[in-house]
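J.: So the sequences go chain by chain: A and B. The numbering used here puts the first residue of the first sequence at 1, with every later residue one more than the last. The numbering used here puts the first residue of the second sequence at 122, with every later residue one more than the last. The beta carbon of each residue, even a glycine, is placed where N, CA and C say it ideally should be. Please read these numbers as outputs of a predicted model, since none were measured by experiment.
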Amino acid sequence: MDSPTQNTSLQRLQNVEKRIVRVLELAGGVMDELANPTGPRKEFINNHCREFMKMIKDIQVTLRDEIKSACEYRPFEKCDYSSRISNEICCKKLEYVLSQLDAMKQTIDEYQGEDVHYSLE
Amino acid sequence: ISLDKLPVRALDAIEENGVERYPHELSYDEKRVSLIRRIDFAWALWQWQSMVENLQLAHQELSVIIDLINTVEANDAVTVAGMTRPKPLPNEVLSDLAVSAATKLQCYRHLGKYFKQSAKALEQQIAREARFYGALIRLQQNWKVKRQRSNEGFTIDLFDNSLYDSARPSSLSVIHIEHDSAGMLAINLPSNSCHSLHFGFLGDSQKESMSDDESVKETHLLLREVHQSIFNDQVFDMVNREAFNQSAGVNVTGIRENYLQLSIGQGTSLFISLVPSSKPNRISCEIYLQQIVHEHAFIKGKDRGSGLLGHFSLSLAHRIFSNRVLMKLENVVCRVPYLHLMTHPTWHSRTSSWTIFMKVPQSILHVEKSQFRTKVVVNDDRINVEGEGAPNVVGLFKRSSEDICSVNKYDCDLADLPVIILQQVASQVIRWLHEEALMVGIKTNRDFLCLTFELEQGETVSLVAHVDPEDIQGCISWWLVMEDGEDWKLQMDRKFLGHLSLDVLYSTLMDLVSLCG
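#1: B/ILE525 CB to nearest chain A CB: under 8 Å?
#2: Does B/ARG268 pass the burial test, meaning 16 or more other C-beta atoms within 10 Å, or should it be called exposed?
#3: Does any residue of chain B bring its CB to less than 8 Å from the CB of A/TYR81?
#4: Indicate the three-state DSSP secondary structure (helix, strand or coil) for A/TYR96 in the structure shown.
#5: So for A/ASN47, helix, strand or coil by DSSP?
#6: For a quick check, are the C-beta atoms of A/GLY28 and B/GLY233 less than 8 Å apart?
#7: If you measure from the beta carbon of A/LYS42 to each beta carbon in chain B, is any gap under 8 Å?
#8: Counting only beta-carbon atoms, is A/GLN112 nearer than 8 Å to chain B?
#9: Using a C-beta cutoff of 8 Å, does A/THR5 count as contacting chain B?
#10: According to the Cβ coordinates, are A/MET55 and A/ARG22 closer than 8 Å?
#11: Are B/LYS74 and B/LEU601 touching if we call contact CB-CB under 8 Å?
#12: Between which two residues does the beta strand (DSSP E) carrying B/ILE597 extend?
#13: Pairs of beta-carbons, one from the segment 232 to 249 of chain B and one from the segment 274 to 282 of chain B, closer than 8 Å: are there three or more?
#14: Any C-beta of chain B sitting closer than 8 Å to the C-beta of A/LYS93?
#15: Between B/VAL337 and the ligand SAM, is there a pair consisting of the residue's CB and a ligand heavy atom that are separated by less than 7 Å?
#16: Could you give the DSSP three-state label for B/SER239: helix, strand or coil?
#17: Would DSSP call B/LYS616 helix, strand or coil?
#18: Assign B/PRO144 to one of two classes, buried (16 or more other C-beta atoms within 10 Å of its C-beta) or exposed (fewer than that).
#19: Counting pairs of beta carbons, one from the segment 576 to 583 of chain B and one from the segment 541 to 550 of chain B, are three or more of them closer than 8 Å?
#20: Tell me, please, whether the CB atom of B/LEU318 is closer than 8 Å to any CB atom in chain A?
#21: Can you check whether the C-beta of A/MET31 is within less than 8 Å of a C-beta belonging to chain B?
#22: Report the CB separation of B/TRP264 from B/LEU344 in whole angstroms; it is logged as a contact under 8 Å.
#23: In the DSSP assignment, find the beta strand (DSSP E) that holds B/LYS126 and state where it starts and stops.
#24: In the structure shown, what three-state DSSP assignment does B/ASP301 receive?
#25: Report the residue from B/LEU210, B/VAL550, B/ALA307 whose alpha carbon sits nearest the alpha carbon of B/ARG254.
#26: Note the first and the last residue of the continuous beta strand (DSSP E) segment covering B/GLU575.
#27: State yes or no: is the C-beta of B/VAL347 within less than 8 Å of the C-beta of B/ALA256?
#28: Quick check: the Cα distance between A/MET1 and A/MET53, rounded to an integer number of angstroms?
#29: Can you give the Cα-Cα distance for B/GLY508 and B/GLY428, rounded to whole angstroms?
#30: By how many angstroms is the C-alpha of A/GLU66 removed from the C-alpha of A/GLN60?
#31: In whole angstroms, what is the alpha-carbon distance linking B/LEU226 and B/LYS237?
#32: Can you tell me which of the three DSSP states B/LYS564 falls into?
#33: Check each candidate in B/VAL453, B/VAL561, B/VAL585 and name the one with the smallest Cα separation from B/ASP568.
#34: Going along chain A in order, which residues have a C-beta closer than 7 Å to the C-beta of B/ALA240?
#35: Quick one: what does DSSP say B/GLN492 is sitting in, helix, strand or coil?
#36: Between B/TRP599 and B/VAL481, is the Cβ-Cβ spacing less than 8 Å?
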């Protein structure tokens, strides 16, 4: 099953996709084994089929959970476009203040540079 | 011995007149056919004939069967009761089994290959889509991603219909999400859509060097730009709508595409435009306009009226005016070393406030009061000056903060402001000197800008302040004036002391005190 690190919905669904690929590979392996001219090995087929069924079950459980939780999701309930604009305005204010502070610092540096200049003379 | 054959040809006939008739010369094909005719096909003919007979018999049987089938098909009254296959021979059974087994094995092999190929293709598709959906989900955390019903594509909707109910959705509001050549998420914007875009468009050449993370951040940045640009469009729309309303207090003096020119108050002209290059000194106005539009967007209904633009233009007028006030104050303060200027935030867009501090040297008794304040407050374009006087001595001994200071308060206009400030400061200096003299027991007469000491025989000596805002060396200068009280018409001597610091003034005071004493 999913390890605790795969906690986002997208990751779980991507895992399902990987399992589907694995399931296809198992089916292919079983077919190849059945096509064996000397006859299929029973152990091989059993292992593959067991893993196949387990994967299918995992896929089914995960998909069921995800579909349930997807239905609970109401889109655009908390649209934050307005606060986004507020934040953009705040950013611009900060940039402006920073530019003012930089100009002040430059002025201070110039004054201190002048002091040094005069003291040398 | 070899003998050449004579080139003798057989004669066919000879006529009476001696003309020889030769037989007709055969062509190559004719010769061949005649040779073939001479071969004996008897043995083959018999087998051929038996095969032909067999086929004819089979043909007859098939015709009968077809006839029968057609009759059964056409005639509903007759149906097939049953059919039996002839019992297969053992070798037929075995060969059938072998064929079906071989077919089955081949089917399995095909299936196996098909499944494995599908697995590989699916794996590659999953990897491509994982990049796309991973990016899409990151963007979905910040933006409204919508699925299109028609073509299974996605769009991002940048329009916020909860706030700006009077605005129409901009043509920029719907951004189509596309795939680039590598299958990764990409958005493309038409070239002249955004007024304030600074970045270029997503192109393949840029993509090669960008990781998925950078690509998503770049897309996110673009969406922010477009989102802000839509808002800027709405701000500009609002200004346009209200500018033509007479009660807004502004006049429209010029219109161009994405450009509006306004005049506010007395002779202040400004423009609002949607071009990307915004002059730096207008940035704060731009920000403020954006802010008030955004704040007022929460007010529903029509009762906004023309309040926004009027308020904005008054704020702008105040800003311009207060900058001029500040310039005058700075000019004064930087020329008088014992003055300090402090700006106070008012958190109100139409009020500005400053305080000018004068620090006096500490003397023995005045432990609490060491500075005088002059407050300047500007509301819209009205200046109010509030000056603190000298401390009340009695109040000082009582150590109560009330009744300590007398305050002068008056309005003034911009042109007079420097003189007013300087006079206020100079009078504060005079008051301070007056107090210091009192401290050492000498009574002096205080006039507005003049401190007078009485000497013997009616002579007076005065310390007189002179203010001049245009004086580059210092706005406040001092004169010593000596008057002979008895004969004041004749004896008046004045000595220019210069632009004295407060310490020097104090020591000058003490000198005068010792003169009196």
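T.: Taking the definition as stated:
#1: Looking up residue 525 of chain B in the second sequence gives position 404. Low confidence applies to B/ILE525: its pLDDT is 48, below 50, so where it sits in the model is not reliable enough to give any reading.
#2: Numbered from 1 along the second sequence, position 147 holds the residue referred to as residue 268 of chain B. It counts as exposed.
#3: Stepping through the first sequence from its first residue, residue 81 of chain A is reached at position 81. Yes, A/TYR81 counts as interfacial toward chain B.
#4: Counting from one through the first sequence, the residue named residue 96 of chain A turns up at place 96. The answer is helix: DSSP assigns A/TYR96 an H, G or I state.
#5: Walking along the first sequence from the start, residue 47 of chain A turns up at place 47. Residue state, collapsed to three classes: helix.
#6: On the first sequence, residue 28 of chain A is found 28 positions in, with the first residue counted as 1. On the second sequence, residue 233 of chain B is found 112 positions in, with the first residue counted as 1. Against a cut-off of 8 Å, the Cβ pair of B/GLY233 and A/GLY28 comes out as a contact.
#7: For the purposes of this step, residue 42 of chain A is taken as the residue at position 42 of the first sequence. False, the Cβ-Cβ gap to chain B never drops below 8 Å.
#8: Here the question's residue 112 of chain A lines up with position 112 in the first sequence. Not one chain B Cβ lies under 8 Å of A/GLN112.
#9: Position 5 of the first sequence, counting from 1, holds the residue named residue 5 of chain A. Note on A/THR5: pLDDT 47, under 50, position unreliable in the model; the coordinate value appears next. It does not: the Cβ of A/THR5 has no partner Cβ on chain B nearer than 8 Å.
#10: What you label residue 55 of chain A is simply residue 55 of the first sequence in a count that begins at 1. What you label residue 22 of chain A is simply residue 22 of the first sequence in a count that begins at 1. The answer is yes: Cβ separation under 8 Å.
#11: The first residue shown for chain B is 122 and the last is 638, placing residue 74 of chain B beyond what the model contains.
#12: Taking the first residue of the second sequence as position 1, residue 597 of chain B is located at position 476. Unbroken beta strand (DSSP E) run through B/ILE597: 597 to 605.
#13: no
#14: Position 93 of the first sequence, counted from the first residue, corresponds to residue 93 of chain A. With 8 Å as the cut-off, A/LYS93 counts as an interface residue toward chain B.
#15: With respect to small molecules bound, the structure shown includes none, and the ligand SAM cannot be examined in it.
#16: Here residue 239 of chain B corresponds to residue number 118 of the second sequence, with the count starting at 1. It is helical.
#17: Mapped onto the second sequence, residue 616 of chain B falls at position 495. Residue state, collapsed to three classes: strand.
#18: Position 23 of the second sequence, counted from the start, is the residue given in the question as residue 144 of chain B. Per the 10 Å Cβ criterion, exposed.
#19: no
#20: Stepping through the second sequence from its first residue, residue 318 of chain B is reached at position 197. Model confidence at B/LEU318 stands at a pLDDT of 33, short of 50, so the residue's coordinates are unreliable; what they give is reported in the following sentence. Chain A, which has no Cβ nearer than 8 Å to the Cβ of B/LEU318, makes this no.
#21: Reading the first sequence from its first residue, position 31 is the one you call residue 31 of chain A. Yes, its Cβ sits closer than 8 Å to a Cβ of chain B.
#22: Numbered from its first residue, the second sequence carries residue 264 of chain B at position 143. Numbered from its first residue, the second sequence carries residue 344 of chain B at position 223. About 6 Å separates the two Cβ atoms, so the contact holds.
#23: Locating residue 126 of chain B in the second sequence gives position 5, where the first residue counts as 1. Premise fails: B/LYS126 is in no beta strand (DSSP E) and is neither H nor E.
#24: Translated into the one-based positions of the second sequence, residue 301 of chain B becomes position 180. Three-state DSSP puts B/ASP301 in coil, outside helix and strand.
#25: The residue labelled residue 254 of chain B in the question sits at position 133 within the second sequence. Strictly speaking, residue 254 of chain B in this sequence is Tyr, with Arg absent from that position. Selected option, being the one with the closest Cα: B/ALA307.
#26: Translated into the one-based positions of the second sequence, residue 575 of chain B becomes position 454. Unbroken beta strand (DSSP E) run through B/GLU575: 571 to 575.
#27: As a working note, residue 347 of chain B is residue 226 in the second sequence. As a working note, residue 256 of chain B is residue 135 in the second sequence. No, they are not a contact pair.
#28: For this step, residue 1 of chain A is matched to residue 1 along the first sequence. For this step, residue 53 of chain A is matched to residue 53 along the first sequence. Because the pLDDT at A/MET1 is just 43, under 50, the model does not fix this residue reliably, and the value given afterwards should be weighed accordingly. Cα to Cα, A/MET1 sits roughly 14 Å from A/MET53.
#29: Locating residue 508 of chain B in the second sequence gives position 387, counting from the first residue. Locating residue 428 of chain B in the second sequence gives position 307, counting from the first residue. Whole-angstrom Cα-Cα distance: 35 Å.
#30: If you number the first sequence from 1, residue 60 of chain A lands on position 60. If you number the first sequence from 1, residue 66 of chain A lands on position 66. For A/GLN60 and A/GLU66, the distance between alpha carbons rounds to 10 Å.
#31: What you label residue 226 of chain B is simply residue 105 of the second sequence in a count that begins at 1. What you label residue 237 of chain B is simply residue 116 of the second sequence in a count that begins at 1. Roughly 16 Å between the two C-alpha positions.
#32: For the purposes of this step, residue 564 of chain B is identified with residue 443 of the second sequence, where counting begins at 1. Residue state, collapsed to three classes: coil.
#33: As a first step, residue 568 of chain B must be located in the second sequence, where it is residue number 447. The residue with the shortest Cα to Cα distance from B/ASP568 is B/VAL585.
#34: Position 119 of the second sequence, counted from the first residue, corresponds to residue 240 of chain B. Neighbours of B/ALA240 on chain A, chain order: VAL21, LEU24, GLU25, GLY28.
#35: Counted from its first residue, the second sequence places residue 492 of chain B at position 371. Looking at B/GLN492 - three-state DSSP - the assignment turns out to be strand.
#36: Here the question's residue 599 of chain B lines up with position 478 in the second sequence. Here the question's residue 481 of chain B lines up with position 360 in the second sequence. Cβ atoms of B/TRP599 and B/VAL481: not closer than 8 Å.
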